[in-house]
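Chemist:
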Amino acid sequence: MTRSVPTTPPDAAARRSAKAVVVYPAGRLPQFDIAFYDAARSNVTKIAELVIPPRDARAFSVPAGCFLRIISVEGPQVGDLNLWNAHDLSEHFFSGKTRALHATHVSTGDRLWSSLPSLRPMATITHNTLDWYGWDEDGAGVHDVIGTRCDPYTNVLLKGTQYHHCCHSNLTRALAAAWDLPLAEAESHVHDVLNVFMCTGFTRDTHQYFMKASPVRPGDFIELFAEIDLLCALSACPGGDCSAGHSDDDAACHPLKVEVHRPDNGALAGWRPPPVNGYSRSHG
Ligand SMILES: [Zn+2]
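Using the numbering used here, you'd call the opening residue of the sequence shown number 3 and step up by one each time.
1. Sorry if obvious, but does the Cβ on V144 come closer than 8 angstroms to a heavy atom of ligand 1?
2. Beta carbon of P240: closer than 8 angstroms to some heavy atom of ligand 1?
3. On a Cα-Cα basis, can you pick out the residue from S44, A16 and C239 that is closest to P265?
4. Is it the case that the Cβ atoms of R113 and I148 are separated by a distance below 9 angstroms?
5. So which of A228, T47, L226 and V260 has the shortest CA-CA distance to A238?
6. Alpha carbon to alpha carbon, how far is H193 from P32? Give it in angstroms, no decimals.
7. How big is the Cα-Cα spacing for Y135 and S109?
8. Is it the case that the Cβ atoms of F62 and L52 are separated by a distance below 9 angstroms?
9. Whose C-beta lies closer than 6 angstroms to the C-beta of P78 among residues of the same chain, with five residues either side of it excluded?
10. Considering only heavy atoms of ligand 1, does any lie closer than 8 angstroms to the CB of D82?
11. With a threshold of 8 angstroms, establish whether the CB of H256 neighbours any heavy atom of ligand 1.
12. Alpha carbon to alpha carbon, what distance is there between A235 and A180?
13. Just to check, is the beta-carbon of H166 closer than 8 angstroms to a non-hydrogen atom of ligand 1?
14. Please check the pair F199 and F212, which I expect to be a contact at CB under 8 angstroms, by giving their CB distance rounded to whole angstroms.
15. Given that a residue counts as buried once 16 or more other Cβ atoms are within 10 Å of its Cβ, and exposed if not, what is H256?
16. In chain order, what are the residue ranges of uninterrupted beta strand (DSSP E) at least 3 long that sit wholly in the segment 214-285?
17. Since K48 is in the beta strand (DSSP E), which residue starts that stretch and which ends it?
18. For the alpha helix (DSSP H) holding H193, just list the boundary residues, first then last.
19. Please state if the CB of V158 and the CB of H107 are separated by a distance shorter than 9 angstroms.
20. Could you have a look at I127 and say whether DSSP puts it in helix, strand or coil?
21. Check E139 in the structure and name its three-state DSSP category.
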């Protein structure tokens, strides 16, 4: 059966030539106070460190006012990051709104926003050694807020095989262990991720989601300032550098290192975590 193609209307060109308008102009967001963050990060003490094993995840806390560094070690590796309010798992990272407010990929100065109704910055990106990458000739960028996460359900849908080390499952196990939750309950809190170090875009002809080898190399890192007390979970994706595949054990995978740094006394004088969003919630 052939698909009937709708007739192109005579004013198609005029309709297509409507002006593109940025939905959420960046200038209306709270300013990225470079001087404040630079002063805070200039003198810090490391208070925690852990290694995320390949094809697995770990959960960890980052107190408000501290810096989280996710560091590439040993080889190129993509990480899938979940963030929750450490005191209330219902407030979590909102990948879709972060994408709408900033871009398909995030970089220094961008915020990681929380879910409705709180909608406030959970973290601010204060340093990214891959900022030089920008947008490449394929239209790809690094640190993706498009790709949700690899998960075993999509894997069954497309390949019909059971695989237990997708980022979704890794994050589920990590949260279950950290909060002593049954797996099914932990799974309900796992959400769309920040794909740390992942290099992705949309194909120009069919607008399909694509990935390519991450440009990350050992020593590269992304640094986040925790605007509120955070519970984090990070998975070292089974896709490795995500140059070819994921959701199986074929790719070369490497650990990721996490460090938490506390600014030295005085740097945060006068600073407070941002309040939850001010909407009345009356909904008219
Ligand atoms: Zn993954």
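For every residue, glycine included, the Cβ atom is placed at its ideal position computed from N, Cα and C. All figures in this text were calculated on a predicted structure; none of them were measured in a lab.
Modeler: Let me lay it out:
1. no
2. Closer than 8 angstroms to some heavy atom of ligand 1: that describes the Cβ of P240.
3. S44
4. The criterion of a C-beta distance shorter than 9 angstroms is not satisfied by R113 and I148.
5. V260
6. 25 angstroms
7. 10 angstroms
8. yes
9. S216, V218 and D243
10. yes
11. Checking the 8 angstroms criterion, the Cβ of H256 is out of range of every heavy atom belonging to ligand 1.
12. 9 angstroms
13. no
14. Rounded, the Cβ-Cβ distance is 16 angstroms, inconsistent with contact.
15. buried
16. Listed in chain order, the complete beta strand (DSSP E) runs (minimum 3 residues) inside the segment 214-285 are 223-228, 232-238 and 258-265.
17. V46 to I54
18. Note, H193: premise wrong, no alpha helix (DSSP H); not H, not E.
19. no
20. strand
21. coil
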